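Numbering (the working numbering), first residue to last: 85 to 340. Just below is one structure, and these are the notes that go with it.
Encoded structure:
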């Protein structure tokens, strides 16, 4: 993947930790110019890109649950180099307080947060990206979804999260179909259990890591780096006809 992304400018959301931090380093190693978005964890974002040339990376903060902040993120990202070639929708939240039998206010808050940050924020960025790509002659969108979008969630308290990942998957697929002739590609990556803070919190709610591992065909969690490598591959343009596909990354636990 060395220099496979040379000359490309990529906007990556949620670059401060987990999949985002690993992906940021992989994209930079592949030669990309990177706009690394973060919500509130500036220190994490800086750690993720530490050691890379300052002229190839810039950090931008935005609240993806807020329309004005999200649109300002796009404008600032576009202004950095005058062009964006790839948008990677990675940032997401997973509220654990949305159970059907919980308090009404917790249920509503979980859905509001999931829909704003995981769906409307990415949708606003995808809209801006598509309009920019049409003028620029093409581009690509990569959305990090989840196997929960296809199979549902294990913990019913996170139903809003699973539903939000299904929504962003559908939106990305629709872009792939509608704009293929405009040289716009769109890909969905659907990981299973990835070694991230969110998954560790999920495991704790399911009886611990050993209990989760017992349900996995490989007995292993997906590494953030493996997801990042797939992002870099589709972002490179090496598989344009893969546009619209959902790439399952779960160690053969869930096969469709």
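Glycine included, C-beta positions come from ideal geometry on N, C-alpha and C. Treat the numbers as computed from the prediction; the structure is a model and nothing was measured.
Inter-residue spacing [alpha-carbon to alpha-carbon] between residue i and residue j
| i | j | result |
| --- | --- | --- |
| residue 323 | residue 261 | 16 Å |
| residue 210 | residue 251 | 13 Å |
| residue 88 | residue 283 | 30 Å |
| residue 31 | residue 207 | Outside the modelled stretch of the chain, which goes from 85 to 340, sits residue 31, for which no answer is possible. |
| residue 205 | residue 121 | 13 Å |
| residue 85 | residue 300 | Confidence is the limiting factor: at residue 85 the pLDDT is only 45, short of 50, which leaves the residue's position unreliable, though a coordinate-based value still follows. Going by the C-alpha atoms only, they are around 29 Å apart. |
| residue 338 | residue 190 | 30 Å |
| residue 307 | residue 224 | 24 Å |
| residue 238 | residue 318 | 29 Å |
| residue 101 | residue 312 | 12 Å |
| residue 293 | residue 236 | 20 Å |
| residue 217 | residue 266 | 8 Å |
| residue 291 | residue 184 | 20 Å |
Proximity to residue i [Cα-Cα], best of the options
| i | options | result |
| --- | --- | --- |
| residue 256 | 179, 331, 91 | 331 |
| residue 168 | 150, 310, 199, 116 | 116 |
| residue 90 | 101, 97, 99, 112 | 112 |
| residue 92 | 285, 159, 172 | 172 |
| residue 335 | 288, 127, 314, 304 | 304 |
| residue 165 | 328, 118, 316, 184 | 118 |
| residue 146 | 96, 195, 114 | 96 |
Beta-bridge pairing of residue i - partner residues as DSSP gives them
| i | result |
| --- | --- |
| residue 177 | Residue 177 pairs with nothing; no bridge assigned. |
| residue 223 | 268 |
| residue 150 | DSSP output for residue 150 lists no bridge partner at all. |
| residue 275 | 333 |
| residue 171 | 95, 225 |
Segment limits, alpha helix (DSSP H) that includes residue i
| i | result |
| --- | --- |
| residue 245 | 243-262 |
| residue 203 | Looking at the DSSP string, residue 203 is not in any alpha helix (DSSP H), and its letter there is neither H nor E. |
| residue 315 | 308-319 |
| residue 289 | 281-289 |
| residue 237 | Counting along the chain, residue 237 falls outside any alpha helix (DSSP H), and DSSP gives it neither H nor E. |
| residue 293 | 293-297 |
| residue 126 | 126-133 |
| residue 340 | No alpha helix (DSSP H) contains residue 340, which DSSP labels as neither H nor E. |
| residue 185 | It is not in any alpha helix (DSSP H) - residue 185 carries neither H nor E in the DSSP assignment. |
| residue 109 | 102-113 |
Bounding residues of the beta strand (DSSP E) (the contiguous stretch that carries residue i)
| i | result |
| --- | --- |
| residue 120 | 117-122 |
| residue 94 | 93-96 |
| residue 333 | 330-333 |
| residue 142 | 141-145 |
beta-carbon residue i near the ligand SAH non-hydrogen atom, thresh 7 Å
| i | result |
| --- | --- |
| residue 316 | Of ligands this structure carries none, so the ligand SAH is not represented either. |
Chain D within 8 Å of residue i, Cβ atoms only
| i | result |
| --- | --- |
| residue 125 | Among the protein chains of the structure shown there is no chain D, as only one such chain exists. |
When you compare the stretch 233-248 with the stretch 176-185, are there three or more beta-carbon pairs, one atom per stretch, that lie closer than 8 Å? Cβ pair count under 8 Å is three or more, so yes.
The stretch 127-142 / the stretch 199-206 touching (three or more Cβ pairs under 8 Å): In short, these stretches do not touch, since the Cβ pair count stays below three.
Check whether the stretch 124-135 touches the stretch 94-111, counting contact only when three or more Cβ pairs, one atom from each stretch, lie closer than 8 Å. Under the 8 Å Cβ criterion, the stretch 124-135 counts as touching the stretch 94-111, having at least three qualifying pairs.
Pair every Cβ in the stretch 224-233 with every Cβ in the stretch 274-293, then say whether three or more of these pairs are closer than 8 Å. Segment contact: the stretch 224-233 against the stretch 274-293, three or more CB-CB distances shorter than 8 Å; contact assigned.
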